[in-house]
Amino acid sequence: MERRSPGLLGAVRIDMLRLHETWMEVIFPRQLNPGHVLGKWKPETGGQKMGYYLWALLGALPVLIGYPLLLVGFGTRYYAGKLDSAATRLGIVGAILLSVVVWGGLSVVARFQLSFEGFLAVLAASGVATVAAAAAVFFSKIGGRFTSILLAYPSAMTALFLPPVVAALYSPTLASIIFPNSEELAIFILDSVLAVGGINEILRERFALEGVYYALMWFGLAVPLGWGLGVLVTFANLIRPKDD
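Laid out in structure tokens, this is it:
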């Protein structure tokens, strides 16, 4: 018999139910994927019931917070799957050659259409993009959840973030756009996330945001962001496996 699609509201209900069951699984057994033989564990004594329903009530807030993150995981998994499928068809060498052809073509155009600084900007960006993209494809082909989270996703984020910043090191036009915005972002991060324990003061004393430090800053952002997206994809696979 053909399986019916649950529809949008049905899918949301199923996802939130599995999110809550994941929360319940932290303390109580056989909540997320109970076996057909034993079934879902249910409290029996008064103390068990009190603890069970109290924990279930406390899980409402984590579910509401976790669902938007779950949607990010679903979206990342979808587009990562598309890119992985394309990389599989091309192979690692093919992906590298495609990147070289595309960025090489842009470099040739830049050589004749832009100034020498513009040509250097495109050439530098092409080198960074090719290396980072090749690393992302390579690590994704190795397989394994840990390798994907630790190396593949950060490499993909580096391929996305770093080329424009590297190009800005050689192009005053790009620098006038990218560097001021990078400074504003750096100030925001230093005054919020890194204000704990005086980390922001240490960074301000030891480093000045100029030149190559812009590239290091964006690399430093790309890596943890890649880790975060990798964790969210793993979270999405736990709540709704790909075959579902």
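Using the numbering used here, you'd call the opening residue of the sequence shown number 1132 and step up by one each time.
All residues carry an ideal CB built from backbone N, CA and C; glycine is no exception.
This structure is a prediction, so every number in the text was calculated from the model and none was measured.
Taking 7 angstroms as the cut-off, decide whether the C-beta atoms of residue 1353 and residue 1292 are in contact. As a working mapping, residue 1353 is identified with position 222 in the sequence shown. As a working mapping, residue 1292 is identified with position 161 in the sequence shown. Yes. Within cutoff.
Residue burial classification, residue 1208 (beta-carbon count within 10 angstroms, cutoff 16): Translated into positions along the sequence shown, residue 1208 becomes position 77. By the 10 Å Cβ count, residue 1208 comes out buried.
Test: residue 1315 CB closer than 7 angstroms to a CB of chain B: Reference to chain B is not applicable here, since this structure consists of a single protein chain.
Cα-Cα separation between residue 1319 and residue 1333, rounded to whole angstroms: In the sequence shown, the residue the question calls residue 1319 occupies position 188. In the sequence shown, the residue the question calls residue 1333 occupies position 202. So the alpha carbons of these two residues sit roughly 15 angstroms apart.
Can you tell which of 1356, 1149, 1341 and 1200 has the C-alpha that lies nearest to the C-alpha of residue 1312? Taking the first residue of the sequence shown as position 1, residue 1312 is located at position 181. Distance from the Cα of residue 1312 is smallest, within the candidate group 1356, 1149, 1341 and 1200, for 1341.
Specify whether the stretch 1147-1161 and the stretch 1189-1198 touch according to this definition: at least 3 beta carbon pairs, one from each stretch, less than 8 angstroms apart. yes
Sequence-distant residues of its chain with Cβ nearer than 6 angstroms to residue 1278 (five each side left out): As a first step, residue 1278 is located in the sequence shown; it is residue number 147 there, counting from the start. Answer for residue 1278: 1270, listed in chain order.
Among 1212, 1160 and 1205, which one has its Cα closest to the Cα of residue 1363? Position 232 of the sequence shown, counted from the first residue, corresponds to residue 1363. It is 1205.
What's the call for residue 1201, buried or exposed, on a 16-neighbour Cβ count within 10 Å? Locating residue 1201 in the sequence shown gives position 70, counting from the first residue. With 16 or more other Cβ atoms within 10 Å, it is buried.
Endpoints, the alpha helix (DSSP H) within which residue 1184 is located: Your numbering for residue 1184 matches position 53 in the sequence shown. Residues 1177-1189.
By how many angstroms is the C-alpha of residue 1331 removed from the C-alpha of residue 1301? Reading the sequence shown from its first residue, position 170 is the one you call residue 1301. Reading the sequence shown from its first residue, position 200 is the one you call residue 1331. Distance between the alpha carbons of residue 1301 and residue 1331: 28 angstroms.
Where the alpha helix (DSSP H) containing residue 1344 begins and where it ends: Here residue 1344 refers to the residue found at position 213 of the sequence shown. 1343-1370 is the extent of the alpha helix (DSSP H) around residue 1344.
Cβ-Cβ separation, residue 1154 to residue 1161 (assumed contact under 8 angstroms), whole Å: If you number the sequence shown from 1, residue 1161 lands on position 30. If you number the sequence shown from 1, residue 1154 lands on position 23. Wrong, their Cβ atoms sit about 14 angstroms apart, outside the cutoff.
Sequence-distant residues of its chain with Cβ nearer than 8 angstroms to residue 1345 (five each side left out): Counting from 1 along the sequence shown, the entry for residue 1345 is found at position 214. Taken in chain order, the residues that qualify are 1296, 1299, 1300, 1309, 1310 and 1313.
Looking only at its own chain, which residues have a Cβ that is under 6 angstroms from the Cβ of residue 1254, when we skip the five neighbours before and after it? What you label residue 1254 is simply residue 123 of the sequence shown in a count that begins at 1. Here residue 1254 has 1238 as same chain residues with Cβ atoms under 6 angstroms from its own Cβ, once five neighbours each way along the sequence are excluded.
Taking only three categories from DSSP, how would you classify residue 1250? If you number the sequence shown from 1, residue 1250 lands on position 119. Here residue 1250 sits in helix by DSSP.
Tell me which same chain residues have a C-beta within less than 7 angstroms of the C-beta of residue 1251, skipping the five on either side of it? On the sequence shown, position 120 is the one that residue 1251 refers to. Closer than 7 angstroms at Cβ, skipping near neighbours: 1301.
What is the residue span of the alpha helix (DSSP H) that residue 1158 lies within? Translated into the one-based positions of the sequence shown, residue 1158 becomes position 27. From DSSP, residue 1158 is part of no alpha helix (DSSP H); its letter is neither H nor E.
Go ahead and label residue 1322 buried or exposed: buried means 16 or more other beta carbons lie within 10 angstroms of its beta carbon, across all protein chains shown. Working through the sequence shown from its first residue, we reach residue 1322 at position 191. Exposed is the call here.
One question on the structure: do residue 1267 and residue 1287 come within less than 7 angstroms of each other, judged by their Cβ atoms? Looking up residue 1267 in the sequence shown gives position 136. Looking up residue 1287 in the sequence shown gives position 156. Their beta carbons are under 7 angstroms apart, which means residue 1267 touches residue 1287 by this criterion.
Assign residue 1143 to one of two classes, buried (16 or more other C-beta atoms within 10 Å of its C-beta) or exposed (fewer than that). Taking the first residue of the sequence shown as position 1, residue 1143 is located at position 12. Exposed, by the Cβ-count rule.
Out of curiosity, what's the CA-to-CA distance linking residue 1306 and residue 1229? Here residue 1306 is taken as the residue at index 175 of the sequence shown, counted from 1. Here residue 1229 is taken as the residue at index 98 of the sequence shown, counted from 1. Their backbone Cα atoms lie some 28 angstroms apart in a straight line.
For residue 1241, three-class secondary structure by DSSP: Position 110 of the sequence shown, counting from 1, holds the residue named residue 1241. Three-state DSSP puts residue 1241 in a helix.
Continuous alpha helix (DSSP H) stretch holding residue 1312: start and end: As a working mapping, residue 1312 is identified with position 181 in the sequence shown. Counting along the chain, the alpha helix (DSSP H) containing residue 1312 begins and ends at 1303-1322.
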